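Notes for the one structure printed next.
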Amino acid sequence: MDDRRIGIFDSGIGGTSIWGEIQELLPHESCIYLADSKNAPYGEKSEERILELSIKNTEYLLNKDCKLIVVACNTATTNAISYLRTNYHVPFIGIEPAIKPAAINTKSKIIGILATKGTLSSSLFHSTSKNHAAGITVIEQRGTGLVEMIENGQLESTELYLLLESYIKPMLDQGMDYLVLGCTHYPYLIPLLRKMLPEHVTVIDSGEAVARQTKSVLENNNLRTTATKIGSHQFYTNGDEEVLSKILKKSDAVYSVLSRDF
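In this text, residue positions in the sequence shown follow our numbering: the first is 1, and each later residue adds one.
What follows is the structure in structure tokens.
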């Protein structure tokens with residue numbers, strides 16, 4: 001058994017949606033979260049740059065002696081996780097859009113995927129879509145500008161609502177009944193989505209599945225903590241500490257937020 005921390009990184013605050021699911025399922029585990037807001041969004045960067053940033057984040061977390069790393073970013077997963085798993089000695093958990101459950105459950109046979117350019121253009125995304133969505137119409141929609149607005153704390157702005165609506169309406173017009181959120185920032189859009197989606201449309205993301213996979217990998221590698229008290233969490237950001245703190249205020253976890261230049 002292992003009392004070291006779980007490491008988590010994302011291109012900013014979005015991966016806190018994944019952290020929240022992990023913390024809920026594994027309350028005795030402690031985490032270190034790296035918010036690389038300075039370089040957000042990853043989705044508009046080249047594959048080479050995404051890999052470079054993922055290596056930087058991984059090595060930062062390994063220097064903090066993390067026992068497992070969650071790549072809490074769809075774009076980093078699809079572009080870098082194979083390299084990370086080959087070149088580093090700890091287990092890695094990645095994030096992929098939840099295409100499979102959407103494809104299984106859709107009644108209209110039409111599902112929408114809201115994701116970044118980096119995710120939608122990756123070979124891993126296309127292989128996942130091909131393997132799990134045969135016979136299903138998959139509407140791919142780039143969420144250009146959404147990550148930046150979330151990172152800037154504009155979750156309640158009219159501008160964000162109108163931008164999101166411009167992406168969602170064409171998918172509704174084509175008959176989708178499942179909307180897959182393919183970016184870990186996007187679960188923070190769910191309150192807005194509920195206002196613009198009819199009741200028959202289901203929104204689905206990967207957070208709960210990632211938490212279950214994290215638990216499984218910890219157990220299979222004898223990495224579960226022996227602690228009996230509730231875990232504590234450290235959040236490092238190279239962006240706006242206030243925006244991160246505002247997101248975390250909704251949690252009752254024990255945590256600290258620290259500004260770092262990494």
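By construction, the Cβ of each residue, glycine as well, lies at the ideal position given by its N, Cα and C atoms. All figures in this text were calculated on a predicted structure; none of them were measured in a lab.
- Your pair Met196 and Glu242 does not check out as a contact, with CB atoms roughly 28 Å apart and the cut at 8 Å.
- For Tyr88, no beta strand (DSSP E) run applies, since DSSP gives it neither H nor E.
- Burial of Gly182 is indicated by the presence of at least 16 other C-beta atoms within 10 angstroms of its C-beta.
- For Thr202, the uninterrupted beta strand (DSSP E) segment begins and ends at Thr202 to Ile204.
- The segment 170 to 231 is shown to contain whole beta strand (DSSP E) runs of 3 or more residues at 178 to 182 and 202 to 204, in chain order.
- Ser259 carries a strand assignment under DSSP once its states are collapsed to helix, strand and coil.
- When the Cα atoms are used, Ala227 and Ile136 turn out to be separated by approximately 46 Å.
- Taking all protein chains shown into account, Thr86 has fewer than 16 neighbouring C-beta atoms within 10 Å of its C-beta and is therefore exposed.
- Judged by DSSP secondary structure, Glu24 falls within the alpha helix (DSSP H) whose first and last residues are Thr16 to Leu25.
- In this structure, Phe235 and Val257 form a Cβ contact; the two beta carbons are roughly 5 Å apart against a cut-off of 8 Å.
- Taking a cut-off of 8 Å for Cβ pairs, the segment 51 to 71 and the segment 197 to 207 do not touch, as fewer than three such pairs fall below it.
- For the 9 Å CB-CB criterion, Ala133 and Ile111 form a contact.
- Assigned with DSSP and collapsed to three states, Arg142 falls in strand.
- About 6 Å separates the Cβ atoms of Val180 and Ile99, confirming a contact at the 8 Å cut-off.
- DSSP places Gly94 outside any beta strand (DSSP E), giving it a letter other than H or E.
- In the DSSP secondary-structure assignment, Ile32 is bridged to Gly7 and Gln234.
- Contact annotation: Leu146 and Tyr178 have beta-carbon atoms that are not nearer than 9 Å.
- In the structure shown, Ile81 adopts helical secondary structure according to DSSP, grouped into three states.
- For Ala115, the uninterrupted beta strand (DSSP E) run begins and ends at Ile110 to Ala115, by DSSP.
- Pro41 sits buried, since 16 or more C-beta atoms from the chains shown fall within 10 Å of its C-beta.
- In this structure, the straight-line span from the alpha carbon of Arg49 to that of Thr75 is close to 11 Å.
- Within 10 angstroms of the beta-carbon of Leu223 lie 16 or more other beta-carbons, which makes it buried.
- Less than 9 Å divides the Cβ of Ser37 from the Cβ of Gly239.
- Non-local C-beta neighbours of Ile247 in its own chain, meaning closer than 8 Å and more than five positions away in sequence, comprise Ile13, Thr16 and Tyr188, ordered along the chain.
- Ranked by Cα distance from Cys66, the options Ala72, Thr78, Cys31 and Ile95 are led by Cys31.
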